[in-house]
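A.B. asks: Next up is a structure, given as structure tokens.
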Amino acid sequence: MRVASARAERPPAAPPEAYRVLPWGAIDSLANEPQEEAPQPPPSKRQSVIDDGARTPDGRPRLALLALSGGGARGAFGAGLLAGWTQSRSRPRFTVVTGISTGALMGVFAFLGPHYDGELERFYTATTDGDIFADRGVSGLLRDAVKDSSPLKRLIERTIDDGIIAAVAAEHRLGRRFFVGTTNLDTARLVVWDMGAIAASDRPERLRRFRDVLLASASVPMVLPPVYFPVEWEGRTYWQMHVDGGAAVTVFLSGLVIDELNRMTGLKTERGEATVDCYIILNDVLGDRMPEEPVEATLLGIAGGVVRSLSTAATVTQLVRMYRGARGIGFGFHFASIPADYPYRLPATRFEPEKMRHLFDYSRALAAGGYPWALHPPRLDPREVIPLAPAAVEPPPPKGWLSRMLAGLRDWARGE
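Be aware that the sequence shown starts at 4, since it is given in the working numbering, and climbs by one per residue.
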């Protein structure tokens, strides 16, 4: 890994024909092909993620997936929600956790479970701008970013130690998965990293790679320098430019997540062999009623309004795609975002402990009393609400002997 330097030039970029080559630990978010073949878990480990979890009244495994968005200091919302969820005694043990940007940092502790809620609270109520970046002054306008990310790099190094890596690796070996997204600017594509596989690897650089991915995922383009990862192509080393995963998507639960879930459990989850609940936490305001934010009649004001509008539209589109995908295969969809009527001033681009504390305590109190999860994305036309797919609900077994015989004949005729 290389953090971009002050020089105008960058390390050698891979040629176009090598765009599918991925750094160690990364998975192609579209092709679902791991760069290195992951070993199949033994049957005992393969079943542990099922046996240790909850079950529905009819005996099917109940699995929970968690997707965490970016949002910078507003990550205090998701952190507080997780802590309050623990207090409500209803927080599930997540089978899969995905994270983007600040959601990647939060995801480490969400993945490890409620015992790490204290780490979340410390990170999202005490962190300051000085812990994230250093000012480059006027010279930053002529470089690859206006700020220096060295403080964030040191913060990640203090937070992610050998003990954290060992804990992530242990959960990975039990069949649980933690994925982080970065954006490869050279290809303009989301790259997904299997953080558990990195932690569980016997490679000596596993700790450094784990930290570097978190740094890259939180490196907002133009604000913080990109992070370069090496790849090999035809005997030469090239470097890919990676930045905040939010440059590609706001939040993700893609097909590769479902494929990995099925591989680890041995179940066809999209066919109703398990009940799967998807929880999406958006660390921003995105409700059916948006707060009034009049746009100033200036060039910068209008430009900011356009960017905000485009960003909101992209986020809604991504959420609707996730919703349609989840409900289409019978998965539950549960969505949370900062309420539009939040009573305090929200953190903006700065890490202000007082504002972050207000937001953390607010969402923790909401969740402790039973969070009102939305069952579909905001701004959805009522006619777009999708019922669960029929395949997700197993029909009851035939009761009488004649019904069983007819059902058997029907299955035989179908070749089942």
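Heads up, the beta-carbon is just placed ideally off N, CA and C, and yes, glycines get one too. All values derive from a computational prediction rather than experimental measurement.
(1) Just to confirm before moving on: does the CB-CB distance between A219 and R209 stay below 8 angstroms?
(2) With C-beta atoms as the reference, is R77 less than 8 angstroms away from D287?
(3) In or out: V310 buried (at least 16 other Cβ within 10 Å) or exposed?
(4) Going by alpha carbons, who is nearest to L362 out of G372, A29 and P350?
(5) Runs of 4 residues minimum, wholly inside the segment 203–232: which ones carry the alpha helix (DSSP H) assignment?
(6) With a floor of 4 residues, list each alpha helix (DSSP H) that falls wholly inside the segment 90–123, ordered by position along the chain.
(7) Work out the CA separation of A300 and W196 for me, nearest whole Å.
(8) Do you know offhand how far G116's Cα is from T268's?
(9) How far does the beta strand (DSSP E) with D287 in it extend, from its first residue to its last?
(10) Roughly how many angstroms separate the alpha carbons of L369 and E276, rounded to a whole number?
(11) Would you say R180 and E263 are within 8 angstroms of each other, going by their C-beta atoms?
(12) Is K156 helix, strand or coil when you go by DSSP?
(13) Would you identify the three-state DSSP class for I167, choosing helix, strand or coil?
(14) Let me check one thing: in DSSP terms, what residues is G184 bridge-paired to?
(15) Hey, does L256 have any beta-carbon neighbour from chain C nearer than 8 angstroms?
(16) What are the boundary residues of the beta strand (DSSP E) that includes S340?
(17) Could you check whether P19 and Y231 sit closer than 8 angstroms to each other, using their CB atoms as the reference points?
(18) Could you tell me the distance, in whole angstroms, from the CA atom of E439 to the CA atom of A191?
(19) With distances taken from CA atoms, which of L256, H118, R239 and A107 is nearest M198?
(20) Can you grab the Cα-Cα spacing for the pair H245 / F112, in whole Å?
(21) DSSP three-state label for D384, please.
(22) Taking 7 angstroms as the limit between beta carbons, can you name the residues of its chain near L256, skipping five residues before and five after?
(23) In angstroms with no decimal places, state the Cα-to-Cα distance between G335 and F136.
(24) So if DSSP puts M244 in a beta bridge, which residue, or which two residues, is it bridged to?
(25) Buried or exposed for A57, going by 16 or more other Cβ atoms inside 10 Å?
(26) Report yes if the CB atom of V323 is closer than 8 angstroms to the CB atom of P390, and no otherwise.
(27) Which stretch, first to last residue, makes up the beta strand (DSSP E) that contains L69?
(28) Specify the secondary structure class of A21 as computed by DSSP and reduced to three states.
(29) Helix, strand or coil for R77? Go by DSSP, reduced to three states.
(30) Can you look up R311 in the DSSP assignment and give me helix, strand or coil?
(31) Determine the contact status of A16 and W242, defining contact as a CB-CB distance below 8 angstroms.
(32) Do I103 and G73 count as a contact pair if the criterion is CB distance below 8 angstroms?
(33) Below 7 angstroms CB to CB, which residues in the same chain sit around M359 once its five sequence neighbours on both sides are set aside?
(34) Taking only three categories from DSSP, how would you classify W88?
(35) How would you write the range of the alpha helix (DSSP H) that D364 sits in, first residue to last?
C.D. replies: Let me spell this out:
(1) Along the sequence shown, read from residue 1 onward, the residue named residue 219 stands at position 216. Along the sequence shown, read from residue 1 onward, the residue named residue 209 stands at position 206. Going by C-beta atoms, A219 is not nearer than 8 angstroms to R209.
(2) Looking up residue 77 in the sequence shown gives position 74. Looking up residue 287 in the sequence shown gives position 284. Cβ distance < 8 angstroms, so R77 and D287 count as in contact.
(3) Here residue 310 refers to the residue found at position 307 when the sequence shown is read from its first residue. Exposed, since its Cβ has fewer than 16 Cβ neighbours within 10 Å.
(4) Taking the first residue of the sequence shown as position 1, residue 362 is located at position 359. When each option's Cα is compared against that of L362, the closest is P350.
(5) 209–220
(6) 105–115
(7) Indexing the sequence shown from 1 puts residue 196 at position 193. Indexing the sequence shown from 1 puts residue 300 at position 297. Roughly 43 angstroms separates the two Cα atoms.
(8) Taking the sequence shown and counting its residues from 1, the one referred to as residue 116 is at position 113. Taking the sequence shown and counting its residues from 1, the one referred to as residue 268 is at position 265. If I take the Cα positions, the gap works out to 20 angstroms.
(9) As a first step, residue 287 must be located in the sequence shown, where it is residue number 284. T278 to V288 is the span of the beta strand (DSSP E), which, as asked, contains D287.
(10) Numbered from its first residue, the sequence shown carries residue 369 at position 366. Numbered from its first residue, the sequence shown carries residue 276 at position 273. Answer to the nearest angstrom: the Cα atoms are 33 angstroms apart.
(11) Sequence index remark: in the sequence shown, residue 180 carries index 177 (1-based). Sequence index remark: in the sequence shown, residue 263 carries index 260 (1-based). Yes, the pair counts as a contact, with Cβ atoms nearer than the cut-off.
(12) For the purposes of this step, residue 156 is identified with residue 153 of the sequence shown, where counting begins at 1. In this structure, K156 counts as helix in the three-state DSSP scheme.
(13) Start at 1 with the first residue of the sequence shown, and residue 167 comes out as number 164. DSSP places I167 in helix when its eight states are reduced to three.
(14) The count along the sequence shown starts at 1 and reaches residue 184 at position 181. Partner(s): I103 and V195.
(15) Absent here is chain C; the protein component of the structure consists of one chain.
(16) In the sequence shown, the residue the question calls residue 340 occupies position 337. Start and end: G335 to I341.
(17) The sequence position of residue 231 within the sequence shown is 228, counting from 1. The sequence position of residue 19 within the sequence shown is 16, counting from 1. Contact flag unset, no.
(18) With the chain covering 4 to 419 only, the question about residue 439 has no answer from this structure.
(19) Along the sequence shown, one-based indexing puts residue 198 at 195. M198 has its Cα closest to that of A107, out of L256, H118, R239 and A107.
(20) Working through the sequence shown from its first residue, we reach residue 245 at position 242. Working through the sequence shown from its first residue, we reach residue 112 at position 109. Approximately 23 angstroms, taken between the alpha carbons.
(21) As a position in the sequence shown, residue 384 is number 381, starting the count at 1. In the structure shown, D384 sits in coil (DSSP, three-state: anything other than H, G, I, E or B).
(22) Reading the sequence shown from its first residue, position 253 is the one you call residue 256. Contacts found: L68, A70, T101, C281 and M325.
(23) Mapped onto the sequence shown, residue 335 falls at position 332. Mapped onto the sequence shown, residue 136 falls at position 133. So the two alpha carbons sit approximately 39 angstroms from each other.
(24) Here residue 244 is taken as the residue at index 241 of the sequence shown, counted from 1. M244 is bridged to Y231.
(25) Counting from one through the sequence shown, the residue named residue 57 turns up at place 54. So A57 ends up on the exposed side.
(26) Locating residue 323 in the sequence shown gives position 320, where the first residue counts as 1. Locating residue 390 in the sequence shown gives position 387, where the first residue counts as 1. Contact: no.
(27) By one-based count along the sequence shown, residue 69 stands at place 66. P64 to L71 is the extent of the beta strand (DSSP E) around L69.
(28) Working through the sequence shown from its first residue, we reach residue 21 at position 18. In the structure shown, A21 sits in a helix (DSSP, three-state: H, G or I).
(29) In the sequence shown, the residue the question calls residue 77 occupies position 74. It is helical.
(30) Residue 311 sits at position 308 when you count from the first residue of the sequence shown. Helix, per DSSP.
(31) Here the question's residue 16 lines up with position 13 in the sequence shown. Here the question's residue 242 lines up with position 239 in the sequence shown. The answer is yes: Cβ separation under 8 angstroms.
(32) Your numbering for residue 73 matches position 70 in the sequence shown. Your numbering for residue 103 matches position 100 in the sequence shown. Yes, the pair counts as a contact, with Cβ atoms nearer than the cut-off.
(33) Position 356 of the sequence shown, counted from the first residue, corresponds to residue 359. Contacts found: A76, A79, Y127, T128 and P350.
(34) Taking the sequence shown and counting its residues from 1, the one referred to as residue 88 is at position 85. Reduced to three states, the DSSP call for W88 is helix.
(35) Residue 364 sits at position 361 when you count from the first residue of the sequence shown. Element bounds for D364: P356 to A371.
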